[in-house]
Amino acid sequence: MTRLATGGRIDRTRPLRFSFDGRDYTGFAGDTLASALLANGVHLVGRSFKYHRPRGILSAGVEEPNALVEIDRGVGRREPNARATMVPLVEGLVARSQNRWPSLRFDLAALAGLGSAVLGAGFYYKTFLGPGRDAWHKRWEPLIRRMAGLGRAPEAADPDRYGNRYAHAEVLVVGAGPAGIAAALEAAAAGGRVILCDEQAEFGGSLLAEPRAWPQLAADMAALSANPAVTLLPRTTAFSYGLQNFVALAQVLEQPNDLRERLWQVRAQRVVLATGALERPIPFSGNDRPGVMLADAARHYAQRWGVLPGRNVAAVVAHDTGYAATFALQDAGAVIAAVLEMREAAPAALLAEAARRGVRVLANHGVVGTRGGLRISGLLAAPRGADGAPDAARATPIACDLLLMAGGWTPSVHLFSQARGMLRWDAALDAFLPGEAREAVTCVGACAGEGLAPGLPVTQMAAGSARAPKAFIDQQNDVTTRDIALAVREGFRSIEHVKRYTTNGMATDQGKTSNMLGLALVAGELGRSVPEVGLTTFRAPYTPTSFGAFAGRHRGLQFDPVRAAPLHDWAVQQGAVFEPVGQWQRARYFPHAGEEMRAAVDRECLAVRESVGIFDASTLGKIEVVGPDAALFLERCYVNAWQKLGIGRCRYGLLLREDGFIYDDGVVGRLAADRFHVTTTTGGAARVLHMLEDYRQTEFPELHVWLTSTTEHWGVIALQGPRARDVLAPLVAGLDWADFPHMAVAECRVAGIAARLFRVSFSGELGFEVNVPASQAPAVWQALMQAGAAHGITPYGTEAMHVLRAEKGFIIVGQETDGTVTPDDAGLTWLVGKAKPDFIGKRSLTRPEMLRADRRQLVGLRPHDGRNLPDEGAQLIATATSREAEGHVTSAYRSASLGHPIALGLLAGGRARLGDTVFATSLNGAPMALEVVAPCFLDPKGDRLRG
Amino acid sequence: MLMIDCPWCGARAELEFRHCGEAHLLRPADPATLSDAQWADYLAFRDNARGWARERWRHVHGCGRFFNALRHTQTDRFAATYKPGQAWPEPPA
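Residue numbers (our numbering), protein chains in the order written: chain A, 13 to 959; chain D, 78 to 170.
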């Protein structure tokens with residue numbers, strides 16, 4: 013055991029059992045998984061991403077690149093890539109290592125050294141090109157995917173709940189170290205709401221490793237807790253800083269089986285960033301071996317968790333703080349083998365203290381390499397040469413079981429930079445610091461450089477390391493100093509390019525420990541300064557954030573609203589098969605027992621043609637257009653002439669955009685001089701209302717007209733077929749049938765319910781659409797079903813509706829049109845009000861391009877073989893071998909009424925090619941021959957619908 | 078997420094709004110008199126300013142009203158929002 017007998021903030025009266033890779037261990041309340049593993053002498057916790065090198069615990073915090081483990085809390089609760097340093101220990105925790113086979117201690121891929129030969133910088137751009145065309149897909153990619161990787165994504169659905177909260181605060185403080193706590197106290201004293209969040213389970217930051225500060229910390233936290241205006245959020249990471257001080261926080265909750273995580277979206281009047289600083293590792297050969305640790309992390313393990321991560325400790329330091337860590341470990345009982353001071357000399361006071369403690373300091377020394385298998389056993393120390401590299405010829409071995417790296421400090425400016433704040437290079441501190449801010453934000457503490465002292469500049473610390481083998485800078489992505497040097501040699505100059513080519517800083521830790529070293533190496537190779545090389549962009553999220561937190565409650569049925577028409581339940585009871593149409597669920601067909609879709613659709617279509625069908629058309633968009641200028645408004649918007657439309661009459665309306673292309677269509681009925689019932693396509697309801705509102709409010713504000721969406725207020729029941737009137741008439745009261753021709757509308761009663769009755773047809777048959785209040789629709793539907801029983805009334809779905817309208821050549825906006833189809837292209841010129849001086853899109857219709865004879869025009873297409881269907885979307889070509897598309901198939905159906913397949917398409921100059929043969933391309937087979945015909949296949953004179 | 082000041086409702090979150098393109102483009106009173114080039118200019122050509130831009134928004138999930146705004150396209154700062162028909166404010170210096 014390496015647990016100290018006393019000290020630390022753990023509770024030795026509360027032991028917690030946990031397992032790692034199947035072995036049982038014990039830790040204490042207050043431990044993290046990392047501190048508990050170290051307390052049990054476990055340093056080896058993972059295998060590296062590409063090379064499968066054994067890796068240990070580098071840090072004590074959020075920046076951890078190596079100690080990524082799988083936390084398994086049962087089915088659907090397996091979390092990959094958890095940083096062991098950030099996982100609070102709980103009773104029964106099950107953790108496993110990742111990316112190793114067959115085991116962590118014995119990994120075959122590492123043994124083979126397979127990775128290091130071929131997976132260097134930019135490997136995916138220049139290796140694995142052969143042999144053969146498919147070498148990458150069939151051979152190399154599967155191999156690399158097996159070799160390189162992180163954890164396994166869980167397979168089962170996540171059973172946990174995730175929450176979401178919006179919050180407002182006068183001050184949001186990010187980071188609860190000494191500076192953050194002081195800021196929160198100050199803000200609380202000033203009054204107003206304060207939110208203080210910290211990614212750690214315990215507040216205090218660096219104070220947690222300062223036992224002398226604990227009484228004051230406890231008093232400060234008690235004061236904050238007692239203040240009802242202060243919200244304290246531990247285990248909460250501010251991961252995204254958006255405009256206008258909109259900060260997103262991801263909170264991990266203490267009761268993971270209740271609410272596992274919560275996303276906070278905070279709008280703060282002022283944000284205080286107290287995000288601290290991260291210690292820099294030092295590049296040298298074998299700096300990734302388990303037992304090589306950031307110096308301040310080791311100090312935290314000793315003082316916060318009472319764990320001695322090594323008994324025989326060496327340190328390589330480029331910064332004064334390395335001494336404090338070394339001395340702390342010595343005080344905790346470790347033997348200090350040596351301190352390798354990379355600078356020419358350490359400050360005199362530190363040297364005196366070292367001498368007093370009997371600590372050997374080797375000035376101007378560096379590490380040539382490390383020794384050991386799964387844990388460091390020693391290092392080679394050597395004086396640094398003129399180029400900064402240690403002189404291997406003069407190396408001396410030093411035994412150790414822990415090697416501390418004190419490479420200086422990098423302020424955590426990630427969030428400040430996300431908030432579009434400018435960073436400035438502070439040459440004295442050798443760091444990027446917050447400069448000019450764009451938001452109401454204040455940076456305090458180490459992230460603002462406060463309390464930091466300069467050490468050996470990072471470029472000098474990295475000097476000479478570019479030639480050292482296996483000197484890692486990005487341990488998570490296995491990027492070495494040589495990779496950076498190689499990238500520069502190959503011509504990469506921009507730090508953004510070097511980053512992407514080498515993948516330095518692109519792992520899940522986003523380069524928290526590697527970016528500055530990468531910059532320093534590039535600067536060294538190019539002979540430039542760090543600020544000249546510049547910084548890569550800081551992007552959200554600051555740390556990996558779970559999909560669950562983003563999704564919150566928006567999963568399953570709550571992912572997207574489902575809209576159900578008034579007769580939905582009835583259709584479900586009938587066993588209808590549904591299809592989604594936008595957010596609507598619509599009945600596609602109503603199969604009888606054992607009936608296939610094709611047979612059901614044929615039966616439904618024939619019923620409409622021969623007798624009567626009934627259809628739920630409630631999803632149609634509906635807009636009530638009311639006001640003394642209603643007709644004038646429609647006149648200016650739609651292509652049609654409206655002013656002379658009689659009361660009680662309907663017209664098929666066509667709406668264009670200003671560019672002249674069809675935007676929507678639908679029947680419009682005039683109920684009164686100042687009242688129109690406008691219908692839109694199912695999918696177009698919202699966008700049409702938006703467009704009409706735009707013109708009403710901003711272009712024609714002088715018109716007295718109001719628009720109201722009534723889509724969901726009306727249930728719409730379509731009755732179509734030669735028997736439709738026979739079914740309907742006995743139920744209708746208050747209608748003058750003598751004055752109710754095709755394209756008429758009247759207010760009357762149907763089955764005792766106040767209704768708007770339309771005589772319209774989207775099938776080509778005698779047809780009616782009964783509009784009743786949505787809540788009454790099921791009753792009216794039942795009445796019509798009963799009345800229709802004697803006539804064999806047949807419910808039909810959207811599939812039959814499509815077939816019936818295609819037989820008539822009626823277009824569906826979005827199927828026959830695609831935003832490039834004019835009224836003339838669709839054969840609808842007859843709708844356009846000739847005498848109208850203007851309407852939306854009219855001017856565009858006379859552009860030269862719109863008048864070309866070879867525009868793609870709507871045609872009917874009839875397969876020569878009389879049996880097979882062309883694919884919807886297939887290109888139309890003039891000959892079977894042509895490579896030039898002259899249009900495409902927009903719709904294709906089997907027609908039971910006609911006895912042969914039919915299709916509609918857009919074909920260049922199509923109306924002049926009736927009788928010609930064209931071909932439809934096929935994904936798997938020869939092009940299909942089609943005869944070009946008029947788009948209306950059935951009853952072109954329209955006798956049936958006027959019946 | 079931006080906070081946007083609807084001239085009728087006050088400050089609301091961005092997700093209540095819909096952006097509607099450049100503002101102060103008046104639909105020509107008689108498009109028939111325009112040349113193809115003039116019509117194309119109205120139809121398709123926009124300033125796409127880098128810096129202060131006058132643009133239309135609609136409080137689509139609120140009052141439903143259209144309004145105009147002066148927004149900086151690089152910083153996303155709003156200098157002003159104002160009702161249709163009002164003169165546009167001068168951009169901040």
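For each residue, glycine too, the CB sits at the ideal point set by N, CA and C.
Query, Result
"Run through the stretch 696 to 721 of chain A for me and flag every whole alpha helix (DSSP H) of 4 or more residues, listed as ranges in chain order.", "697 to 706"
"Does T834/A pass the burial test, meaning 16 or more other C-beta atoms within 10 Å, or should it be called exposed?", "buried"
"For a cutoff of 8 Å on Cβ pairs, would you count T710/A as touching chain D?", "yes"
"List the DSSP bridge partners of S31/A.", "D36/A and V106/A"
"Ignore the nearest five residues each way along the sequence and tell me which others in G128/D's own chain have a CB closer than 8 Å to its CB.", "H149, T150, Q151 and P168"
"Using 8 Å as the threshold, is the C-beta distance between C97/D and G139/D below it?", "no"
"Between the stretch 889 to 900 of chain A and the stretch 838 to 858 of chain A, are three or more C-beta pairs nearer than 8 Å?", "no"
"Note down, in chain order, every chain A residue with its Cβ under 9 Å from the Cβ of T152/D.", "L255, R432 and R450"
"Out of A904/A, P246/A, T891/A and R867/A, point me to the one whose CA is closest to D883/A's CA.", "A904/A"
"Along the stretch 441 to 469 of chain A, where does the CB come closer than 7 Å to a CB of chain D? Name the residues.", "R450"
"Is F122/D close to chain A, meaning its C-beta is less than 8 Å from at least one C-beta of that chain?", "no"
"Interface residues of chain D around H702/A at Cβ under 8 Å?", "R95, R135 and V137"
"Using a C-beta cutoff of 8 Å, does D118/D count as contacting chain A?", "no"
"Go through its chain and collect everything with a Cβ distance to A563/A's Cβ below 7 Å, but skip five positions before and after it.", "Y174"
"Which residues of the stretch 844 to 856 of chain A have a Cβ closer than 8 Å to any Cβ of chain D? Give them in chain order.", "P849, D850, K854, R855 and S856"
"List in chain order: all unbroken beta strand (DSSP E) runs of 3+ residues lying wholly within the stretch 301 to 341 of chain A.", "304 to 306 and 324 to 329"
"Identify every run of the alpha helix (DSSP H) within the stretch 610 to 693 of chain A, keeping only runs that are complete inside it and at least 4 residues long; order them along the chain.", "642 to 649"
"Using a Cβ-Cβ cut-off of 8 Å, state whether R142/D counts as contacting chain A.", "yes"
"Based on Cα-Cα distance, which residue from F428/A, A350/A and G461/A lies nearest to T408/A?", "A350/A"
"If we require 3 or more residues per run, which beta strand (DSSP E) segments fall completely within the stretch 353 to 403 of chain A?", "373 to 375, 377 to 384 and 388 to 395"
"Using the beta-carbon count (16 or more within 10 Å), is P481/A buried or exposed?", "exposed"
"Between C455/A and P446/A, is the Cβ-Cβ spacing less than 8 Å?", "yes"
"Are the beta-carbon atoms belonging to A697/A and S630/A less than 8 Å from one another?", "no"
"At which residues does the beta strand (DSSP E) containing N10/A begin and terminate?", "Lying outside 13 to 959, the shown extent of chain A, residue 10/A is not represented and no answer is given."
"With 9 Å as the limit, tell me which residues of the stretch 854 to 878 of chain A have their beta carbon closer than that to any beta carbon of chain D; keep them in chain order.", "K854, R855, S856, T858, R859 and P860"
"To the nearest angstrom, report how far apart D43/A and A179/A are at their CA atoms.", "31 Å"
"What residue does the alpha helix (DSSP H) around T471/A start on, and which one ends it?", "V470 to A474"
"Shorter than 8 Å from the beta carbon of F550/A to some beta carbon of chain D?", "no"
"Under a three-way DSSP split, which group does L255/A fall into?", "helix"
"Spatial neighbours of E636/A within its chain, please: CB distance less than 6 Å, with the 5 preceding and 5 following residues excluded, ordered by chain position.", "T720 and T722"
"Can you name the start and end residues of the beta strand (DSSP E) that Y178/A belongs to?", "R173 to V186"
"If you measure from the beta carbon of F962/A to each beta carbon in chain D, is any gap under 8 Å?", "An answer regarding residue 962/A cannot be provided, because it is not within the stretch 13 to 959 covered by chain A."
"Using only the alpha-carbon positions, how far apart do A847/A and H716/A sit?", "23 Å"
"Please classify I852/A: does DSSP put it in a helix, a strand, or coil?", "coil"
"Should D955/A go down as buried or exposed, given a rule of 16 or more other Cβ atoms within 10 Å for buried?", "exposed"
"Say whether chain D places a C-beta atom closer than 8 Å to the C-beta of E670/A.", "yes"
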